[in-house]
Amino acid sequence: MKKFVVAGLVGLTALTSLGPIANAMPLSGLFARMTEAGKGDLPVVKVQSADAGRIGQLEEQIRSLNGRIEEMSFQLLQMQEQIRKFQEDNEFRFQDIESGKSSGKKSGALDAPKTNDQASVTPEVTESPEPAAPVDGDMAAAVPGAAPPPATLGQIIFDENGNPVSATTDIEPGANATLPGVDTGMADQGTAGIDGNAAAGQQTAALGNAGDLYQSAYGHVLSGDYGLAEQEFRQYLEAFPEGEKAADASFWMGEAQYSQGNFSDAAKTFLNAHQTYGKSPKAPEMLLKLGMSLGALDNKETACATLREVNKRYPQASAAVKAKVTSEQSRFGC
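The following block contains the structure:
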(Lines of atoms letter the chains of each structure in order from A and count residues from 1; the text may use other names and numbers.)
(Lines give C-alpha, C1' and ligand atoms only; values in the text may rest on other atoms or scores of the structure.)
Protein backbone atom coordinates (compact mmCIF):
# COMPACT_ATOMS: atom_id res chain seq x y z
CA MET A 1 0.00 0.00 0.00
CA LYS A 2 2.80 2.34 0.78
CA LYS A 3 4.27 1.60 -2.65
CA PHE A 4 1.09 2.83 -4.35
CA VAL A 5 1.09 6.01 -2.27
CA VAL A 6 4.73 6.71 -3.13
CA ALA A 7 4.05 6.07 -6.81
CA GLY A 8 1.14 8.49 -6.75
CA LEU A 9 3.23 11.18 -5.13
CA VAL A 10 5.96 10.70 -7.70
CA GLY A 11 3.44 10.98 -10.54
CA LEU A 12 1.96 14.12 -9.03
CA THR A 13 5.39 15.63 -8.72
CA ALA A 14 6.13 14.79 -12.36
CA LEU A 15 2.92 16.43 -13.55
CA THR A 16 3.72 19.52 -11.51
CA SER A 17 7.21 19.75 -13.08
CA LEU A 18 5.73 19.62 -16.58
CA GLY A 19 3.91 22.92 -16.08
CA PRO A 20 6.80 25.20 -17.22
CA ILE A 21 7.28 23.02 -20.25
CA ALA A 22 3.62 23.42 -21.12
CA ASN A 23 4.02 27.17 -20.70
CA ALA A 24 6.88 27.08 -23.25
CA MET A 25 4.64 25.55 -25.93
CA PRO A 26 3.71 28.93 -27.52
CA LEU A 27 7.28 29.07 -28.87
CA SER A 28 6.59 26.08 -31.04
CA GLY A 29 3.36 27.72 -32.11
CA LEU A 30 5.40 30.77 -33.05
CA PHE A 31 7.52 28.63 -35.36
CA ALA A 32 4.37 27.18 -36.84
CA ARG A 33 3.03 30.63 -37.44
CA MET A 34 6.30 31.70 -39.09
CA THR A 35 6.15 28.69 -41.35
CA GLU A 36 2.58 29.46 -42.30
CA ALA A 37 3.53 33.09 -42.95
CA GLY A 38 6.36 31.92 -45.20
CA LYS A 39 3.94 29.77 -47.11
CA GLY A 40 1.64 32.76 -47.48
CA ASP A 41 4.43 34.83 -49.12
CA LEU A 42 4.86 32.36 -51.99
CA PRO A 43 1.82 33.60 -53.98
CA VAL A 44 3.25 37.14 -53.84
CA VAL A 45 6.43 35.95 -55.55
CA LYS A 46 4.39 34.15 -58.16
CA VAL A 47 2.37 37.28 -58.84
CA GLN A 48 5.52 39.34 -59.33
CA SER A 49 6.96 36.86 -61.83
CA ALA A 50 3.66 36.85 -63.73
CA ASP A 51 3.78 40.66 -63.90
CA ALA A 52 7.27 40.54 -65.38
CA GLY A 53 6.07 38.15 -68.07
CA ARG A 54 3.14 40.39 -68.86
CA ILE A 55 5.46 43.40 -69.15
CA GLY A 56 7.62 41.48 -71.64
CA GLN A 57 4.55 40.60 -73.67
CA LEU A 58 3.43 44.23 -73.69
CA GLU A 59 6.86 45.33 -74.90
CA GLU A 60 6.71 42.81 -77.74
CA GLN A 61 3.24 44.03 -78.67
CA ILE A 62 4.48 47.63 -78.67
CA ARG A 63 7.36 46.71 -80.97
CA SER A 64 4.98 44.91 -83.29
CA LEU A 65 2.63 47.89 -83.33
CA ASN A 66 5.53 50.25 -84.11
CA GLY A 67 6.50 48.06 -87.02
CA ARG A 68 2.93 48.06 -88.32
CA ILE A 69 2.75 51.85 -87.96
CA GLU A 70 5.95 52.27 -89.98
CA GLU A 71 4.67 49.86 -92.61
CA MET A 72 1.36 51.72 -92.82
CA SER A 73 3.17 55.06 -93.16
CA PHE A 74 5.21 53.58 -96.00
CA GLN A 75 2.05 52.35 -97.70
CA LEU A 76 0.46 55.76 -97.14
CA LEU A 77 3.41 57.40 -98.82
CA GLN A 78 3.03 55.05 -101.76
CA MET A 79 -0.66 55.90 -102.06
CA GLN A 80 0.10 59.61 -101.93
CA GLU A 81 2.69 59.25 -104.67
CA GLN A 82 0.25 57.28 -106.79
CA ILE A 83 -2.39 59.99 -106.37
CA ARG A 84 0.13 62.65 -107.33
CA LYS A 85 1.14 60.62 -110.34
CA PHE A 86 -2.47 60.31 -111.46
CA GLN A 87 -2.98 64.04 -111.04
CA GLU A 88 0.16 64.84 -113.01
CA ASP A 89 -0.87 62.42 -115.75
CA ASN A 90 -4.31 64.03 -115.99
CA GLU A 91 -2.83 67.52 -116.10
CA PHE A 92 -0.35 66.43 -118.77
CA ARG A 93 -3.14 64.93 -120.88
CA PHE A 94 -5.27 68.06 -120.58
CA GLN A 95 -2.32 70.22 -121.55
CA ASP A 96 -1.56 67.91 -124.45
CA ILE A 97 -5.15 68.16 -125.67
CA GLU A 98 -5.15 71.96 -125.38
CA SER A 99 -1.76 72.30 -127.03
CA GLY A 100 -2.93 69.97 -129.83
CA LYS A 101 -5.91 72.21 -130.55
CA SER A 102 -3.83 75.38 -130.52
CA SER A 103 -1.10 73.85 -132.71
CA GLY A 104 -3.75 72.67 -135.17
CA LYS A 105 -5.08 76.19 -135.53
CA LYS A 106 -1.59 77.60 -135.91
CA SER A 107 -0.56 75.01 -138.49
CA GLY A 108 -3.71 75.72 -140.46
CA ALA A 109 -2.85 79.38 -140.51
CA LEU A 110 0.67 78.62 -141.71
CA ASP A 111 -0.44 76.16 -144.37
CA ALA A 112 -2.76 78.68 -146.01
CA PRO A 113 -1.07 82.08 -145.75
CA LYS A 114 -2.70 85.10 -147.22
CA THR A 115 -1.51 86.34 -150.58
CA ASN A 116 -0.58 89.74 -149.19
CA ASP A 117 1.79 88.10 -146.66
CA GLN A 118 4.21 87.12 -149.42
CA ALA A 119 6.50 89.68 -150.92
CA SER A 120 8.82 89.26 -153.86
CA VAL A 121 12.26 90.70 -153.40
CA THR A 122 12.72 92.57 -156.61
CA PRO A 123 15.57 95.05 -156.63
CA GLU A 124 14.70 98.34 -158.21
CA VAL A 125 17.40 99.45 -160.64
CA THR A 126 17.37 102.75 -162.37
CA GLU A 127 17.65 102.15 -166.06
CA SER A 128 20.39 104.03 -167.83
CA PRO A 129 19.95 105.36 -171.36
CA GLU A 130 20.00 102.57 -173.87
CA PRO A 131 23.02 102.56 -176.15
CA ALA A 132 22.58 103.14 -179.83
CA ALA A 133 23.32 99.55 -180.73
CA PRO A 134 21.56 96.67 -178.96
CA VAL A 135 23.81 94.63 -176.69
CA ASP A 136 23.41 90.86 -176.35
CA GLY A 137 23.05 89.02 -173.01
CA ASP A 138 26.64 88.44 -171.82
CA MET A 139 27.99 91.62 -173.40
CA ALA A 140 25.79 93.76 -171.16
CA ALA A 141 28.02 93.16 -168.13
CA ALA A 142 31.08 94.35 -170.07
CA VAL A 143 29.52 97.61 -171.16
CA PRO A 144 30.07 100.40 -168.58
CA GLY A 145 26.82 101.83 -167.22
CA ALA A 146 24.69 98.92 -168.45
CA ALA A 147 22.42 97.50 -165.69
CA PRO A 148 21.42 93.84 -165.50
CA PRO A 149 17.81 93.02 -166.27
CA PRO A 150 15.37 92.83 -163.32
CA ALA A 151 15.17 89.38 -161.77
CA THR A 152 13.32 87.78 -158.83
CA LEU A 153 15.89 86.57 -156.34
CA GLY A 154 13.43 84.83 -153.98
CA GLN A 155 10.47 85.21 -151.64
CA ILE A 156 10.03 86.02 -147.96
CA ILE A 157 7.02 84.41 -146.26
CA PHE A 158 5.41 86.28 -143.35
CA ASP A 159 3.00 84.96 -140.74
CA GLU A 160 -0.34 86.50 -139.87
CA ASN A 161 1.36 88.93 -137.44
CA GLY A 162 3.72 90.23 -140.09
CA ASN A 163 6.81 88.42 -138.76
CA PRO A 164 9.08 86.69 -141.32
CA VAL A 165 8.72 82.94 -141.17
CA SER A 166 10.98 81.64 -143.93
CA ALA A 167 12.62 82.66 -147.18
CA THR A 168 13.17 80.91 -150.48
CA THR A 169 15.71 81.68 -153.17
CA ASP A 170 15.54 81.10 -156.89
CA ILE A 171 19.31 81.00 -157.29
CA GLU A 172 20.55 77.99 -159.18
CA PRO A 173 23.50 76.10 -157.74
CA GLY A 174 26.74 77.65 -158.91
CA ALA A 175 25.04 80.72 -160.35
CA ASN A 176 26.06 84.21 -159.25
CA ALA A 177 22.84 86.22 -159.20
CA THR A 178 23.93 88.96 -156.81
CA LEU A 179 23.94 92.62 -157.62
CA PRO A 180 27.16 94.14 -158.91
CA GLY A 181 29.40 95.10 -155.97
CA VAL A 182 26.93 93.72 -153.35
CA ASP A 183 27.66 90.55 -151.34
CA THR A 184 24.36 89.19 -150.02
CA GLY A 185 25.72 85.89 -148.70
CA MET A 186 22.60 84.00 -149.77
CA ALA A 187 24.49 81.20 -151.46
CA ASP A 188 26.60 80.47 -148.37
CA GLN A 189 23.55 80.54 -146.13
CA GLY A 190 21.69 78.10 -148.35
CA THR A 191 24.60 75.69 -148.36
CA ALA A 192 25.01 75.95 -144.60
CA GLY A 193 21.31 75.35 -144.09
CA ILE A 194 21.42 72.20 -146.21
CA ASP A 195 24.45 70.86 -144.37
CA GLY A 196 22.86 71.70 -140.98
CA ASN A 197 19.65 69.91 -141.87
CA ALA A 198 21.58 66.85 -142.95
CA ALA A 199 23.57 66.81 -139.71
CA ALA A 200 20.41 67.26 -137.65
CA GLY A 201 18.80 64.36 -139.49
CA GLN A 202 21.76 62.13 -138.77
CA GLN A 203 21.71 63.09 -135.06
CA THR A 204 17.98 62.44 -134.80
CA ALA A 205 18.39 59.06 -136.44
CA ALA A 206 21.19 58.17 -134.04
CA LEU A 207 19.21 59.21 -130.96
CA GLY A 208 16.17 57.35 -132.28
CA ASN A 209 18.01 54.12 -131.61
CA ALA A 210 17.29 52.73 -128.13
CA GLY A 211 20.83 51.51 -127.51
CA ASP A 212 22.47 54.74 -128.69
CA LEU A 213 20.14 56.91 -126.61
CA TYR A 214 20.73 54.83 -123.47
CA GLN A 215 24.50 54.83 -123.92
CA SER A 216 24.51 58.57 -124.51
CA ALA A 217 22.53 59.21 -121.32
CA TYR A 218 24.68 56.80 -119.31
CA GLY A 219 27.80 58.52 -120.60
CA HIS A 220 26.50 61.82 -119.22
CA VAL A 221 26.04 60.16 -115.82
CA LEU A 222 29.64 58.99 -115.85
CA SER A 223 30.85 62.44 -116.88
CA GLY A 224 28.81 64.16 -114.14
CA ASP A 225 26.42 65.98 -116.51
CA TYR A 226 23.37 64.88 -114.53
CA GLY A 227 20.95 67.43 -116.01
CA LEU A 228 21.46 66.20 -119.56
CA ALA A 229 21.51 62.59 -118.35
CA GLU A 230 18.10 63.05 -116.70
CA GLN A 231 16.69 64.59 -119.87
CA GLU A 232 17.94 61.80 -122.13
CA PHE A 233 16.83 59.01 -119.79
CA ARG A 234 13.38 60.62 -119.72
CA GLN A 235 13.38 60.67 -123.53
CA TYR A 236 14.37 57.01 -123.56
CA LEU A 237 11.53 56.03 -121.21
CA GLU A 238 9.01 58.04 -123.23
CA ALA A 239 10.17 56.55 -126.53
CA PHE A 240 10.82 52.99 -125.29
CA PRO A 241 8.67 52.34 -122.19
CA GLU A 242 8.97 48.57 -122.75
CA GLY A 243 12.62 48.69 -123.77
CA GLU A 244 15.24 46.24 -122.62
CA LYS A 245 16.92 48.90 -120.46
CA ALA A 246 13.74 50.54 -119.14
CA ALA A 247 14.36 49.46 -115.52
CA ASP A 248 17.98 50.60 -115.60
CA ALA A 249 16.98 53.88 -117.28
CA SER A 250 14.43 54.55 -114.53
CA PHE A 251 17.03 53.89 -111.85
CA TRP A 252 19.68 56.10 -113.44
CA MET A 253 17.20 58.90 -114.02
CA GLY A 254 16.42 58.86 -110.30
CA GLU A 255 20.15 58.73 -109.56
CA ALA A 256 20.70 61.81 -111.75
CA GLN A 257 17.93 63.65 -109.88
CA TYR A 258 19.38 62.60 -106.52
CA SER A 259 22.86 63.78 -107.56
CA GLN A 260 21.40 67.18 -108.47
CA GLY A 261 19.77 67.51 -105.04
CA ASN A 262 16.22 67.05 -106.35
CA PHE A 263 15.35 64.60 -103.58
CA SER A 264 11.58 64.94 -103.98
CA ASP A 265 11.69 64.11 -107.69
CA ALA A 266 14.19 61.35 -106.99
CA ALA A 267 11.88 59.78 -104.38
CA LYS A 268 8.99 59.82 -106.85
CA THR A 269 11.14 58.30 -109.59
CA PHE A 270 12.51 55.52 -107.37
CA LEU A 271 9.05 54.76 -105.96
CA ASN A 272 7.46 54.49 -109.43
CA ALA A 273 10.42 52.48 -110.70
CA HIS A 274 10.22 50.02 -107.81
CA GLN A 275 6.47 49.58 -108.27
CA THR A 276 6.91 48.97 -112.00
CA TYR A 277 10.13 46.92 -111.97
CA GLY A 278 9.98 45.33 -108.50
CA LYS A 279 11.44 42.05 -109.81
CA SER A 280 14.30 43.50 -111.83
CA PRO A 281 17.96 43.20 -110.72
CA LYS A 282 17.91 46.92 -109.91
CA ALA A 283 14.94 46.62 -107.54
CA PRO A 284 17.01 46.40 -104.30
CA GLU A 285 18.97 49.50 -105.27
CA MET A 286 15.75 51.32 -106.19
CA LEU A 287 14.33 50.64 -102.71
CA LEU A 288 17.64 51.62 -101.11
CA LYS A 289 17.76 54.92 -103.02
CA LEU A 290 14.13 55.57 -102.12
CA GLY A 291 15.04 55.31 -98.44
CA MET A 292 18.03 57.60 -98.94
CA SER A 293 15.87 60.18 -100.73
CA LEU A 294 13.27 60.10 -97.96
CA GLY A 295 16.00 60.51 -95.37
CA ALA A 296 17.36 63.51 -97.26
CA LEU A 297 13.84 64.99 -97.05
CA ASP A 298 14.00 64.63 -93.18
CA ASN A 299 11.37 61.87 -93.27
CA LYS A 300 13.59 59.57 -91.22
CA GLU A 301 10.88 57.26 -89.85
CA THR A 302 9.64 56.30 -93.30
CA ALA A 303 13.22 56.15 -94.54
CA CYS A 304 14.12 53.64 -91.82
CA ALA A 305 11.03 51.56 -92.60
CA THR A 306 11.99 51.57 -96.29
CA LEU A 307 15.57 50.54 -95.56
CA ARG A 308 14.35 47.64 -93.42
CA GLU A 309 12.22 46.46 -96.34
CA VAL A 310 15.34 46.03 -98.48
CA ASN A 311 16.66 43.11 -96.43
CA LYS A 312 13.17 41.67 -95.93
CA ARG A 313 12.15 41.65 -99.59
CA TYR A 314 15.56 40.99 -101.12
CA PRO A 315 17.56 38.68 -98.84
CA GLN A 316 19.67 37.69 -101.86
CA ALA A 317 20.80 41.27 -102.55
CA SER A 318 24.48 41.91 -103.13
CA ALA A 319 26.86 42.49 -100.24
CA ALA A 320 27.45 46.06 -101.38
CA VAL A 321 23.73 46.85 -101.19
CA LYS A 322 23.43 45.31 -97.73
CA ALA A 323 26.47 47.21 -96.50
CA LYS A 324 25.02 50.46 -97.84
CA VAL A 325 21.71 49.73 -96.10
CA THR A 326 23.54 49.22 -92.80
CA SER A 327 25.51 52.44 -93.16
CA GLU A 328 22.41 54.47 -94.06
CA GLN A 329 20.50 53.04 -91.11
CA SER A 330 23.34 54.09 -88.84
CA ARG A 331 23.42 57.55 -90.43
CA PHE A 332 19.68 58.08 -89.91
CA GLY A 333 19.71 56.58 -86.41
CA CYS A 334 17.32 53.74 -87.26
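Under our numbering, the letters of the sequence shown match residues 258 to 591, in that order.
We treat Cβ as the ideally placed atom computed from N, Cα and C, and that holds for glycine.
Taking 8 Å as the cut-off, does the stretch 538-553 touch the stretch 561-570 (at least 3 CB pairs, one atom from each stretch)? yes
Beta-carbon proximity check, Ser507 vs Tyr534, cutoff 9 Å: Position 250 of the sequence shown, counted from the start, is the residue given in the question as residue 507. Position 277 of the sequence shown, counted from the start, is the residue given in the question as residue 534. In contact: Ser507 and Tyr534 (Cβ atoms closer than 9 Å).
Count the other CB atoms, across all protein chains shown, that sit within 10 Å of the CB of Leu479; report buried if there are 16 or more and exposed otherwise. As a first step, residue 479 must be located in the sequence shown, where it is residue number 222. By the 10 Å Cβ count, Leu479 comes out exposed.
Cβ-based burial, Gly313 [other Cβ within 10 Å; buried from 16]: Here the question's residue 313 lines up with position 56 in the sequence shown. When all chains shown are included, Gly313 counts as exposed.
Please report the straight-line C-alpha distance between Lys525 and Gly590, rounded to a whole angstrom. Here residue 525 is taken as the residue at index 268 of the sequence shown, counted from 1. Here residue 590 is taken as the residue at index 333 of the sequence shown, counted from 1. For Lys525 and Gly590, the distance between alpha carbons rounds to 23 Å.
Does DSSP put Ala540 in a helix, in a strand, or in coil? The residue labelled residue 540 in the question sits at position 283 within the sequence shown. Note: Ala540 maps to helix in three-state DSSP.
Nearest-angstrom Cα separation, counted from Tyr493 out to Ala503: For the purposes of this step, residue 503 is taken as the residue at position 246 of the sequence shown. For the purposes of this step, residue 493 is taken as the residue at position 236 of the sequence shown. Roughly 8 Å between the two C-alpha positions.
Please report how far the alpha carbon of Gln339 lies from the alpha carbon of Ala530, in whole angstroms. In the sequence shown, residue 339 corresponds to position 82, counting from 1. In the sequence shown, residue 530 corresponds to position 273, counting from 1. Each residue's alpha carbon lies about 12 Å from the other.
The alpha helix (DSSP H) spanning Gln586 covers which residue range? Residue 586 sits at position 329 when you count from the first residue of the sequence shown. It spans Ala576 to Phe589 - the alpha helix (DSSP H) in which Gln586 sits, taken as one unbroken run.
Can Glu355 and Glu558 be called in contact, C-beta distance under 9 Å? Counting from 1 along the sequence shown, the entry for residue 355 is found at position 98. Counting from 1 along the sequence shown, the entry for residue 558 is found at position 301. No, the Cβ-Cβ distance between Glu355 and Glu558 is not below 9 Å.
Could you give the distance in angstroms between the alpha-carbon of Gln514 and the alpha-carbon of Gly484? Taking the first residue of the sequence shown as position 1, residue 514 is located at position 257. Taking the first residue of the sequence shown as position 1, residue 484 is located at position 227. Cα-Cα distance, rounded: 8 Å.
Alpha helix (DSSP H) runs wholly inside the stretch 464-504, at least 4 long, in chain order: 467-480 and 483-496
By the three-class DSSP mapping on this structure, what secondary structure does Leu545 have? Looking up residue 545 in the sequence shown gives position 288. Helix.
Distance, Ala580 Cα to Pro572 Cα: The sequence position of residue 572 within the sequence shown is 315, counting from 1. The sequence position of residue 580 within the sequence shown is 323, counting from 1. Their Cα atoms are separated by approximately 13 Å.
Taking only heavy atoms of the ligand GTP into account, decide whether any of them is closer than 8 Å to the Cβ of Arg325. Annotation note on the ligand GTP: not contained in the displayed structure, which lists no ligands.
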